[in-house]
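Worksheet: the structure to be examined is printed underneath.
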Amino acid sequence: DAYIRYMLTANDDQTIYLFDKHFAQTAPSMGESYEVPKYFSKERDLFSILGDRRPDHRWLIMGPKRSGSTFHKDPNGTSAWNACVRGAKKWILLPPDRIPCGVHASPNGVDVTSPVSLVEWFLNFYHQLSDMDVDSIECIQRPGDIVFVPCGWWHCVLNLEEAIAITQNYVSVSNLRRVLQAIRLPERVSGVSHERRPGFRSAFIEALRSHRPDIYRKYVQGANQNNGSQKPGKNPSGLAALFIKEGSKSGGVDFSTDNAGGALFTFGFSSIADE
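My numbering puts the first residue of the sequence shown at 15, with every later residue one more than the last.
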């Protein structure tokens with residue numbers, strides 16, 4: 015109730031954006047009131063084989079006008095979907111190797127620096143998007159609209175009015191190898207306790223071997239074999255990097271990551287949470 019009152023009256027520049035990862039536990043009826051779109055179903059989500067050991071993956075998010083998330087990439091190499099329940103949201107997405115203007119990513123991809131205020135970014139840098147050598151993807155999301163965010167893509171979201179949404183992160187065969195690459199370093203694993211991070215990748219691979227041996231053989235064992243025999247070459251960018259045809263030398267899905275724009279976002283809740 016306190017946050018709803020705040021959301022209806024907020025006038026500050028850095029509005030508080032609420033992320034609730036426990037909503038389905040604290041209010042089970044809310045978790046049962048929606049169905050995951052078939053394209054992102056549990057059967058397609060490979061992290062689901064971990065059960066309650068999977069990283070945090072779904073949130074109820076709400077915020078007042080002018081709240082939102084600054085540019086980031088989603089954690090653990092995951093893709094995401096976002097369904098708007100109420101309000102209107104402005105989205106901007108850029109391919110993995112195109113760092114947004116006004117954003118600085120560290121070489122190891124761990125740290126991202128951007129303007130403190132999302133509104134500040136729009137005032138000072140939004141107009142520079144037209145000068146970039148790649149077109150951004152922009153849209154206005156309204157109730158009933160679902161936005162798909164491919165793994166590794168930069169994106170920011172600005173609430174144009176009071177907004178409520180449901181979002182989930184997931185792993186499918188199309189981004190499995192990117193996920194395995196992203197979680198190689200324990201400090202880059204997000205959404206699990208610190209003590210579980212060093213062994214998380216191994217636990218996930220073992221779960222794949224036990225529960226999805228077909229995928230394990232093709233995308234884990236196959237990746238190791240293909241990576242040992244491939245000649246170095248330029249990695250594809252954009253959507254082409256996410257979906258390489260079956261039978262190609264990459265073994266089905268690109269396994270590489272783009273260091274130039276490789277900042278992986280991890281969830282840290284501050285005055286503006288991240289979507």
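Where is the CB? At the ideal position from N, CA and C, for every residue including glycine.
Query: Exposure label - Y53; buried when at least 16 CB within 10 Å; Result: exposed
Query: Every unbroken beta strand (DSSP E) within the segment 167-216, with a cutoff of 3 residues, ordered by chain; Result: 168-173, 177-184
Query: Cβ neighbours of P51 in the same chain (closer than 7 Å, five flanking residues each side left out); Result: W95, I160
Query: Test item: CB-CB of Y233 and R191 under 9 Å; Result: yes
Query: Other residues of its chain near K245: CB distance less than 6 Å, five sequence neighbours each side excluded; Result: In this prediction, K245 has a pLDDT of 47, which is less than 50 and means its spatial position is unreliable; nothing more can be read from the coordinates.
Query: Validate contact between the segment 173-186 and the segment 100-116 using beta carbons, cut 8 Å, 3 pairs; Result: yes
Query: Expected contact under 8 Å - CB spacing of C165 and W105 to nearest Å; Result: In fact, because the Cβ distance is near 16 Å, the residues do not count as touching under 8 Å.
Query: R112 versus L74 - alpha carbon distance; Result: 29 Å
Query: Minimum C-alpha distance to V133 - residue among G116, D145, M146, D147; Result: G116
Query: Limits of the unbroken alpha helix (DSSP H) element including M44; Result: 42-45
Query: Contacting residues, own chain, Cβ-Cβ under 8 Å from Q39 (five flanking each side not counted); Result: G45
Query: Beta bridge counterpart(s) of T306 as assigned by DSSP; Result: Nothing about residue 306 can be read from this structure; the chain reaches only from 15 to 289.
Query: Alpha carbon of F227 to alpha carbon of I63, nearest angstrom; Result: Note that residue 227 is Pro in the sequence shown here, rather than Phe. Between P227 and I63, the C-alpha separation is close to 12 Å.
Query: Burial state of E120, where buried means 16 or more other Cβ atoms lie within 10 Å; Result: The question names Glu, but residue 120 is Ser in the sequence shown. With fewer than 16 other Cβ atoms within 10 Å, it is exposed.
Query: P114 versus L108 - alpha carbon distance; Result: 7 Å
Query: Residue range of the alpha helix (DSSP H) that includes E134; Result: 132-138
Query: Cα-Cα separation, E209 to R72; Result: 22 Å
Query: Residues near A24 in its chain [Cβ-Cβ closer than 6 Å; skip 5 each side]; Result: P78
Query: Same chain, Cβ closer than 6 Å to L143, five either side skipped, listed in chain order; Result: S150
Query: Close-in-space but distant-in-sequence residues of the same chain around L22 (CB under 6 Å, 5 per side omitted); Result: none
Query: N138 classed as buried or exposed, judged by whether at least 16 other C-beta atoms fall within 10 angstroms; Result: exposed
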